[in-house]
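Worksheet: one structure, shown below.
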Amino acid sequence: ALKAEMERHIDGLKTELDASHAKSIDLESSLVAEREASAAKYSELEAEKTSVEAKLQDRIESHNAEVESIRENLTHMQTKLTDAESQSAALKAEMERHIDGLKTELDAS
23 ALKAEMERHI DGLKTELDAS HAKSIDLESS LVAEREASAA KYSELEAEKT SVEAKLQDRI
83 ESHNAEVESI RENLTHMQTK LTDAESQSAA LKAEMERHID GLKTELDAS
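Letter 18 of the sequence shown, counting from 1, is numbered 40 in the working numbering, and no numbers are missing.
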């Protein structure tokens, strides 16, 4: 009787151990699937981040090129303006000399 009771007790422990082992395997499978899903999501987010960074870098380079073009245009315009001011000052001086000459002629006559 004692032997039969011990065998039933051992069988019960084996059953509990088997059930616990099955739960452990299920949990491990679940965790592996979750880890794989997380790794896939991480890869997806990394790819998206890389794409966004590349687009931003392209926009920065484009804007920098635009700013440089504007800067060159402004420099060119400033040079043209300075040249025009010099020509205007020279023309004004020439006109003043001409007017002075005409006044001198007028006074002499």
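Think of the CB as a built atom: it goes at the ideal place given N, C-alpha and C, for glycine as much as any other residue.
The straight-line gap separating the alpha-carbon atoms of E68 and S60 is approximately 12 Å. Pairing L24 with R30, the inter-Cα distance amounts to about 10 Å. DSSP places S131 outside both helix and strand once states are collapsed to three, so it counts as coil. In the displayed model, A23 falls within coil according to three-state DSSP, outside both helix and strand.
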